[in-house]
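In UniProt numbering, the protein residues as written are 1 to 162. C-beta atoms are modelled at their ideal positions from N, C-alpha and C, and glycine is treated no differently.
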């Protein structure tokens, strides 16, 4: 019993750490995008909830692309709720909250592999590494875009889906 509680406590602390440190870039980019000062805390909460949701889904074994889609959709839905509540455009709350989920590491690894291919010549391993990281980055960015657009497609549609 004590081991299970310790594992759950470790996971909970890692989740809180992930959520806290994802608030920082969300607020930073909200400031860059000139978000009103009253909305900054909601951008931080949205960034924390989105990144925390992705963290939990990754912990459960969901691939990062699908976890990002789920987290981005959650942030989009919450942004629509806040936009109705505070009479602002949903993008005020959602765009900055999505920034912590941008796949910078995968794009960086792809570029490093490309530079290595340029420097040392063609290698099957380097080429595979580059393609894998490029595809992962592209699919994560696509998941962010689809998740950001999902509430608009569901809630603001004038015609029926069928």
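Pick from 114, 142 and 118 that is closest to residue 130, judged by C-alpha positions | For the residues 114, 142 and 118, the minimum Cα distance to residue 130 belongs to 114.
State buried or exposed for residue 156, treating a residue as buried only when at least 16 other CB atoms are found within 10 Å of its CB.
-> Residue 156 comes out exposed.
Note down the Cα distance separating residue 102 from residue 82, rounded to an integer number of angstroms.
-> About 22 Å.
Give me the Cα-Cα distance between residue 80 and residue 127, rounded to the nearest whole angstrom.
-> Their backbone Cα atoms lie some 41 Å apart in a straight line.
Of the listed residues 99, 97 and 133, nearest to residue 112 (C-alpha basis) | It is 133 whose Cα lies nearest to the Cα of residue 112.
Taking residue 83 as part of the alpha helix (DSSP H), name the residues at either end of that continuous run.
-> Unbroken alpha helix (DSSP H) run through residue 83: 64-86.
Over what stretch of residues does the alpha helix (DSSP H) that includes residue 42 continue unbroken?
-> In the DSSP assignment, residue 42 falls within the unbroken alpha helix (DSSP H) covering 40-59.
Buried or exposed: where does residue 51 fall if 16 or more other Cβ atoms within 10 Å of its Cβ makes it buried?
-> Using a 10 angstroms sphere on the CB of residue 51, the tally of other CB atoms reaches 16 or more, which defines it as buried.
With a 10 Å radius around its C-beta and 16 neighbouring C-beta atoms as the bar for buried, classify residue 122 as buried or exposed.
-> Exposed.
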